[in-house]
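In our numbering, the protein residues as written are -14 to 140.
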């Protein structure tokens, strides 16, 4: 058996109304089909891509959204077993209004929804993707203490 090593990045895109962008994976998606997701994907470690570069690239590929600085890492989660070593980095990016963005989904996702941060937990009950569960719990438990850019009033 091959040892699995990968690096996954996701981003919470949040606006001044404290809404975030949730994606719905297509039913044919090989991992967690039909479940919610945040924009992101795999770091191309063979091309020396950084996690931040992968986050920007994957977000654009999946949504058509170009992330603008600052894109801040808010946590890292590691899963290490005898079979795998997976690093998960989760970022945050603030925009003035998600409603003003032209969201163009890739074939990996069947839809999207703009969700108030305080309503994220409602999506956690039917998930089997433990990383997305972890991310939602982290966001819910730490959002108030996270230091965001103050220019759009998300603090």
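Glycine residues also receive a C-beta, built at the ideal position from the N, C-alpha and C atoms.
Burial state of residue i, where buried means 16 or more other Cβ atoms lie within 10 Å
| i | result |
| --- | --- |
| residue 111 | exposed |
| residue 78 | buried |
| residue 135 | Low confidence applies to residue 135: its pLDDT is 34, below 50, so where it sits in the model is not reliable, and the reading given next is rough at best. Answer is exposed; the Cβ neighbour count stays below 16. |
| residue -5 | buried |
| residue 32 | exposed |
| residue 85 | exposed |
C-alpha distance - residue i paired with residue j, whole-angstrom precision
| i | j | result |
| --- | --- | --- |
| residue 88 | residue 53 | 15 angstroms |
| residue 48 | residue -13 | 32 angstroms |
| residue 5 | residue 121 | 11 angstroms |
Proximal residues to residue i (C-beta, below 7 angstroms), its chain only, five neighbours per side dropped
| i | result |
| --- | --- |
| residue 62 | 73, 116 and 119 |
| residue 124 | -3, 102 and 105 |
Residues bridged to residue i [DSSP beta-bridge criterion]
| i | result |
| --- | --- |
| residue 23 | Bridge partners of residue 23: none, in fact. |
| residue -4 | 76 |
| residue 96 | 9 |
DSSP state of residue i mapped onto helix, strand, coil
| i | result |
| --- | --- |
| residue 35 | coil |
| residue 28 | coil |
| residue 3 | coil |
| residue 114 | coil |
| residue 72 | strand |
| residue 42 | helix |
| residue 83 | helix |
| residue 105 | helix |
Same chain only: Cβ atoms within 8 angstroms of residue i, ignoring 5 sequence neighbours per side
| i | result |
| --- | --- |
| residue 82 | 0, 1 and 2 |
| residue -7 | 25, 26, 27, 28, 71, 72, 73, 74 and 116 |
| residue 113 | 17 and 20 |
Contacts around residue i, its chain only, beta-carbon distance under 6 angstroms, and the 5 residues preceding and following it disregarded
| i | result |
| --- | --- |
| residue 43 | 25 and 26 |
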